[in-house]
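I have placed the structure first, in the form of structure tokens, so that the comments after it can refer back to it.
There are 2 protein chains.
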Amino acid sequence: MTRKLYERVGKQDDHRPSPFSWRARYALAHKGLEIDEHVPIKFHDKETIAFSGQGLVPILVDGAKTVHDSWAIATYLEDSYPDKPSLFGGSQAFAHFMNGWADTVLMPAIFPLVVVDLHANIAEDDKAYFRTTREKRFGRTIESFAADRPAFEANLAKVLAPLRAQLKAYPYVSGAEPAYADYAVFSTFQFARCASPTPVLAADDSLRDWTDRISALFGGLGASCLRLEEADAA
Amino acid sequence: MTRKLYERVGKQDDHRPSPFSWRARYALAHKGLEIDEHVPIKFHDKETIAFSGQGLVPILVDGAKTVHDSWAIATYLEDSYPDKPSLFGGSQAFAHFMNGWADTVLMPAIFPLVVVDLHANIAEDDKAYFRTTREKRFGRTIESFAADRPAFEANLAKVLAPLRAQLKAYPYVSGAEPAYADYAVFSTFQFARCASPTPVLAADDSLRDWTDRISALFGGLGASCLRLEEADAA
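If you're matching them up, the sequences are chains Z and F in order.
Quick note on numbering: the first sequence equals residues 8 to 241 in my numbering.
Quick note on numbering: the second sequence equals residues 8 to 241 in my numbering.
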């Protein structure tokens with residue numbers, strides 16, 4: 008059986024800023040499932056994934072089964088591989104809440120801090136598509152949208168309060184051991200790390216200890232940020 | 008064995024706006040444990056609870072054991088009554104995160120919407136203490152702090168996004184069944200309901216379906232907002 012993961016790429020095939028791609032990678036790694044083929048997909052490239060009946064990545068092709076959407080991939084893996092370590096650490100609802108929190112709270116807080124660099128770090132032939140779609144959404148230029156950095160930094164500091172409280176009480180968001188609730192949140196920081204050379208967390212930020220520990224899991228999966236072959240070799 | 012709960016009261020002994028008091032009540036009810044005596048404590052009344060070695064309520068006296076802090080009460084009950092239904096629905100870490108989210112995100116979003124009414128609805132001999140301590144914290148009058156209601160309403164709408172996403176996917180925050188993650192969040196809405204006659208959620212808000220279902224649990228425990236005897240009679 009062949010297992011393929013179709014993933015968004017940035018400036019080159021081994022640059023993967025998409026948080027949803029990282030969620031699928033961590034879910035597969037947590038389950039101990041190898042990926043036989045990574046298929047790089049650019050923003051404007053819709054034809055290669057038309058077979059899935061929709062236009063978004065990641066898409067997992069697991070033998071005869073095609074699954075798109077990172078959350079659907081996680082629940083598919085949990086249901087299909089019940090003998091492998093559980094992705095949800097006792098509560099799928101917890102993983103779902105953190106996934107939603109990452110998407111509706113953390114990502115909007117981080118996105119403005121990295122979007123200008125993200126645009127600079129995607130493939131040249133993706134830039135027009137990215138700029139047009141995002142500027143339509145923002146109602147102004149990317150640069151104007153992201154201009155008030157101190158306000159966005161203050162907002163991020165506020166948004167991180169419940170995450171900090173959690174990681175003071177437990178080694179991982181999920182509790183004693185890492186699970187999908189961690190990966191959902193980590194993937195958003197990983198997005199920032201792959202999108203921009205300017206860290207969204209200061210070097211001495213206590214959350215760094217947790218992001219470092221998640222990054223180091225599964226042979227240093229998170230360190231394969233720009234160079235896919237590093238993870239493959241790990 | 009006698010079980011006593013020392014709780015903050017508002018304008019009269021059967022008026023309990025404190026979210027922390029509601030958390031302790033729901034935790035005890037979920038565990039099926041009766042409360043033999045509710046001891047009302049006003050804001051300025053520190054002498055009655057000096058025996059606990061600190062100045063905050065709720066305090067649970069469970070036979071020979073004294074526990075203060077609503078989270079400590081929850082974990083104490085879970086550990087001491089393992090044969091009763093679990094409070095944490097498979098993940099204590101989940102309950103802890105939602106508890107922290109309620110305290111660091113939801114409460115700061117709701118508090119400005121109800122604080123003027125809360126002050127109006129506490130005991131006359133508590134008002135000076137309440138006003139002085141809160142105005143010291145805000146750096147201005149309660150009324151000035153709460154003045155920009157449209158901005159606070161807009162902020163609350165934003166803050167509720169991950170809760171709405173969760174309750175679209177599951178009947179309860181905790182998943183298929185209610186547990187402490189629900190009570191921690193519900194208690195904050197219950198605080199608002201007991202503090203102010205102006206609802207923070209519109210009558211047709213979809214979250215009302217969930218708050219109504221939590222309120223109806225344990226013989227309508229949440230409906231005992233102003234009238235303690237209603238819950239006792241239920």
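Beta carbons: idealized from backbone N, C-alpha and C, even for Gly.
- For PRO206(Z), no Cβ of chain F is located within less than 7 Å of the residue's own Cβ.
- At a cut-off of 7 Å between beta carbons, ALA168(F) contacts chain Z.
- PRO169(F) and ALA102(F) have their C-alpha atoms spaced approximately 15 Å apart.
- Sequence-distant Cβ neighbours of LEU174(F) in its own chain, meaning closer than 6 Å and more than five residues away, are TRP217.
- The beta-carbon of VAL112(Z) is placed less than 7 Å from the nearest beta-carbon of chain F.
- Counting the other Cβ atoms within 10 Å of the Cβ of SER231(F) gives 16 or more, which makes it buried.
- Of all residues in the stretch 81 to 109 of chain F, only GLY96, GLY97, SER98, GLN99, ALA100, PHE101, HIS103, PHE104, MET105, GLY107, TRP108 place a beta-carbon less than 8 Å from a beta-carbon of chain Z.
- Residue GLY62(Z) holds the alpha-carbon nearest to the alpha-carbon of LYS49(Z) among PHE58(Z), GLY62(Z), HIS37(Z).
- Taking all protein chains in view, the Cβ of PRO185(F) is crowded by 16 or more other Cβ atoms within 10 Å, so the residue is classified as buried.
- No beta strand (DSSP E) of 3 residues or more sits fully in the stretch 107 to 132 of chain Z.
- Excluding sequence positions up to five before and after ARG215(F), its CB lies within less than 7 Å of the CB of LEU208, all in the same chain and listed in chain order.
- Within chain Z, the residues GLY107, THR111 have their CB atoms less than 7 Å from the CB of ALA172(F), given in chain order.
- In the structure shown, THR73(F) falls within a strand segment according to DSSP collapsed to helix, strand and coil.
- Between VAL46(Z) and LEU67(Z) a beta carbon distance of about 11 Å is seen, past the 8 Å cut, so the two are scored as non-contacting.
- Rounded to whole angstroms, the gap between the alpha carbons of ARG144(F) and ALA210(Z) is 31 Å.
- Classified as buried, MET105(F) has 16 or more neighbouring CB atoms from the shown chains inside 10 Å of its CB.
- Bridge partners of GLU44(F) according to DSSP: LYS11(F).
- Within the stretch 135 to 156 of chain Z, no residue has its Cβ closer than 8 Å to any Cβ of chain F.
- Beta-carbon to beta-carbon, LEU113(F) and PHE159(F) are separated by about 13 Å, too far to satisfy the 8 Å threshold.
- For the pair of segments examined, the stretch 15 to 26 of chain F was found not to touch the stretch 79 to 94 of chain F: the number of CB pairs separated by less than 8 Å stays below three.
- In the DSSP assignment, SER194(Z) falls within the alpha helix (DSSP H) that extends over 187 to 202.
- With respect to the C-alpha of THR73(F), the residue from PRO26(F), THR9(F), LYS38(F), ALA116(F) having the closest C-alpha is THR9(F).
- Restricting attention to PRO204(F), ALA223(F), ILE221(F), GLY229(F), the CA atom closest to the CA of LEU125(F) is found in PRO204(F).
- According to DSSP, VAL16(Z) shares a beta bridge with no other residue.
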